[in-house]
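Visitor: Here it is, the structure, as structure tokens.
In our numbering, the protein residues as written are 25 to 643.
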């Protein structure tokens, strides 16, 4: 599953390498092009990702938000720009998650046109049918069919390795491509325009390389490295060499579907079935990865709190996000109908991958200095060439913006803008909440000590900031509302705040309980709950555990609890400027698709809630 995306790249990558040429490539150009593919695969995936990036684990987890968390902890000076650059990379990954299912499944089904040209009219309908089925079953989770992923992908790598090896044995002249000199000569002798087109196609061989890092938490760095160097990497080298050998024999056979021409005619239909299964697996991996990416962004407060369904109790990363699922499906259908072929979609694919890889390389250079304590010289010698390679791919793919590169760019910017607006809106809402008039906590404590009338039922108050309900601070606005409405305080009050440190898991000190006041009239207690971005933030379960440990006083039956939460009613200032007004309206729209925070924390389903509407004025 880790190598599904990169493993199915041979279906279209080599065929698109010279597809832009009006004339068939020369033998030297073919050898140089294959050499460029092999060494890109070696430097970007084998060296950068397998050897270096997999070392950057955040409590065993990988991926863009794990890297974001590491840099946040160790590089607070000047972190903002790099952190937001990583979030832009996350936005581009979302675009990747939309394009990959479209191009992967389409490239496999295009084999029908190779097997029987009369079936070419069925390629688009069959592709759309497969995509519809794939997205329809997402709510069941990937675990039900996950046991098939390994055997299918192992068979796929074995078959493409054998097909490539047979061609190499028949035309060993292609082995000259193992020398990087041929790649260098191809770039030196080519003009700038031709080189940009070449690099724009070569990037397709490393799509899916970032999945090695993203899936590190599920499989571990060592098993991923072993599987890469023992199975995936050799198979990919052989299949790319084999396709190059075939081109030496028939240079005019460029374009999509090249890999299918390596297959004996009698085995073509079984191979198309295998290719289709493999591309479905690659698509499933990207879809599941996108769900996980969004759920992590939600946990970090960077994305609207969409409804999340956990499809497997034993694996926190296995989630289903209905809104994102159908958004991806609509996007995939639009891409297949709009571009019609994997060759056309190739133009839209590379920019998202190249952009994310560039962000990762820059972040890794900083991480090597700040976290691994490398010298500036060592970090520059190792990562500066990788940054230059990735920058070259970004520049090359930027030339294809009008041909389709605008698709991942627009998707990435849309997701990035969503994170910017949501982060801004939540920060403004919190600031407005904290600025509301409320009694100082010392006054609340004094009233509690001397009062002769109380609300007898224990009140649980969800508060938005960790510094609320401290003795030296003002009381939460929610408590002020209750006091003004009832003319009395609850006898026992539990203030609950949920914190999300930028770590995947919390191993110690998940709950911190502080007794603010304990007198004959009752108790005021503040509870801090911490959840990592890979965990399910279940406040109900947390409160039950604390009650069982006698740290708080609550009824054993959660249906008898009295939980008070806030739902903000936003009111913009009259003098709000045009830019701020646009951001405010965008934030309001995002709130429409976001479920209330208390639902996100597992409250409101079985636990009765008292929802207080709190006017919040935006300035």
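Positions of the beta carbon are idealized from the N, C-alpha and C atoms, including for glycine.
Using only CA atoms, which one of 594, 620, 124, 443 lies nearest to residue 640?
Guide: Comparing Cα-Cα distances from residue 640 to each of 594, 620, 124, 443, the minimum goes to 594.
Visitor: Is the distance from the Cβ of residue 154 to the Cβ of residue 147 below 8 Å?
Guide: In this structure, residue 147 does not lie closer than 8 Å to residue 154 by Cβ.
Visitor: What do you reckon, are the CB atoms on residue 270 and residue 191 nearer than 8 Å?
Guide: Their beta carbons are under 8 Å apart, which means residue 270 touches residue 191 by this criterion.
Visitor: Can you tell me where the beta strand (DSSP E) with residue 486 in it begins and where it stops?
Guide: It spans 483-486 - the beta strand (DSSP E) in which residue 486 sits, taken as one unbroken run.
Visitor: When you compare each of 434, 86, 613, 284 to residue 240 by their alpha carbons, which one comes out closest?
Guide: Out of 434, 86, 613, 284, 86 has the C-alpha closest to the C-alpha of residue 240.
Visitor: Give me the residue from 359, 614, 41, 589 with the minimum Cα distance to residue 281.
Guide: Taking only the C-alpha atoms, the option nearest residue 281 is 41.
Visitor: If the criterion is Cβ atoms closer than 8 Å, does the pair residue 83 and residue 529 meet it?
Guide: Yes.
Visitor: What is the rounded straight-line gap between the Cα of residue 467 and the Cα of residue 475?
Guide: Computed Cα separation, rounded: 12 Å.
Visitor: Please report the distance separating the alpha-carbon of residue 67 from that of residue 157.
Guide: Approximately 37 Å between the Cα atoms of the pair.
Visitor: Touching or not, the stretch 381-401 and the stretch 425-439, by the rule of three or more beta carbon pairs under 8 Å?
Guide: They do not touch, by the three-pair rule.
Visitor: Look at the alpha carbon of residue 88 and the alpha carbon of residue 384, and state the distance between them as a whole number of angstroms.
Guide: When rounded, the distance between both Cα atoms is 8 Å.
Visitor: Measure the beta-carbon distance from residue 624 to residue 525 and round it to whole angstroms, keeping in mind my assumption that it falls under 8 Å.
Guide: Between residue 525 and residue 624 the Cβ distance is about 17 Å, and since that is not below 8 Å, they are no contact.
Visitor: Quick check on residue 714: does DSSP put it in helix, strand or coil?
Guide: For residue 714 there is no data in the structure shown, the boundaries of the chain being 25 and 643.
Visitor: Determine the DSSP secondary structure at residue 595, reduced to helix, strand or coil.
Guide: In this structure, residue 595 counts as strand in the three-state DSSP scheme.
Visitor: Is it true that the stretch 289-304 meets the stretch 316-330, where meeting means three or more beta-carbon pairs spaced less than 8 Å apart?
Guide: The stretch 289-304 vs the stretch 316-330: no contact.
Visitor: Please go through the stretch 517-593 and give each complete alpha helix (DSSP H) segment of 4 or more residues, from N-terminal end onward.
Guide: As far as the stretch 517-593 is concerned, its whole alpha helix (DSSP H) runs of at least 4 residues are 563-572.
Visitor: With which residues is residue 635 paired in a DSSP beta bridge?
Guide: Bridge partners of residue 635: 589.
Visitor: Is the distance from the Cβ of residue 60 to the Cβ of residue 226 below 8 Å?
Guide: In this structure, residue 226 lies closer than 8 Å to residue 60 by Cβ.
Visitor: Starting from residue 497 and walking both ways along the alpha helix (DSSP H), at which residues does that stretch end?
Guide: Unbroken run through residue 497: none, as it is neither H nor E.
Visitor: Taking 8 Å as the cut-off, does the stretch 548-555 touch the stretch 517-524 (at least 3 CB pairs, one atom from each stretch)?
Guide: Output reads yes: the stretch 548-555 touches the stretch 517-524.
Visitor: Quick one: Cα of residue 263 to Cα of residue 181, how far?
Guide: So the two alpha carbons sit approximately 9 Å from each other.
Visitor: Determine the DSSP secondary structure at residue 406, reduced to helix, strand or coil.
Guide: Residue 406 falls in the helix class under three-state DSSP.
Visitor: Since residue 133 and residue 161 should fall inside the 8 Å C-beta cutoff, what is the C-beta to C-beta distance between them, to a whole number of angstroms?
Guide: The Cβ separation is near 18 Å, so there is no contact.
Visitor: Going by DSSP, which residues form a beta bridge with residue 237?
Guide: Note: residue 237 sits in no beta bridge, so no partner.
Visitor: Between residue 20 and residue 373, which are expected to be in contact by the criterion C-beta below 8 Å, what is the C-beta distance as a whole number of angstroms?
Guide: In this structure the chain extends from 25 to 643, so residue 20 is not present and cannot be described.
Visitor: Cα separation between residue 343 and residue 330?
Guide: Taking the straight line joining both Cα atoms gives about 12 Å.
Visitor: Rounded to whole angstroms, how far is the Cβ of residue 55 from the Cβ of residue 200, which I believe are closer than 8 Å?
Guide: Yes, residue 55 and residue 200 are in contact; Cβ-Cβ is about 5 Å, under 8 Å.
Visitor: Do you know offhand how far residue 265's Cα is from residue 351's?
Guide: Each residue's alpha carbon lies about 38 Å from the other.
Visitor: Quick check: the Cα distance between residue 426 and residue 346, rounded to an integer number of angstroms?
Guide: Taking the straight line from one Cα to the other gives about 31 Å.
Visitor: My assumption, with CB atoms under 8 Å, is that residue 414 sits in contact with residue 231. Please give the rounded CB distance.
Guide: Their Cβ separation, rounded to whole angstroms, is 13 Å, which puts residue 414 and residue 231 out of contact at 8 Å.
Visitor: Run through the DSSP bridge pairs and tell me what residue 479 is partnered with.
Guide: In the DSSP output, where bridge partners are listed per residue, residue 479 has 514.
Visitor: Starting from residue 437 and walking both ways along the alpha helix (DSSP H), at which residues does that stretch end?
Guide: Segment 430-458, the alpha helix (DSSP H) holding residue 437.
Visitor: Just grab the DSSP bridge partners of residue 285 for me.
Guide: Looking at the DSSP assignment, residue 285 forms no beta bridge with any residue, so it has no partner.
Visitor: So residue 219 is in the alpha helix (DSSP H); what residue range does that whole segment cover?
Guide: Unbroken alpha helix (DSSP H) run through residue 219: 216-226.
Visitor: Sort 557, 545, 543, 335 by Cα distance to residue 531 and report the nearest one.
Guide: Nearest C-alpha to residue 531: 557.
Visitor: Tell me whether the beta-carbon of residue 633 lies closer than 8 Å to the beta-carbon of residue 590.
Guide: No; because the gap between Cβ atoms is not below 8 Å, this pair is not in contact.
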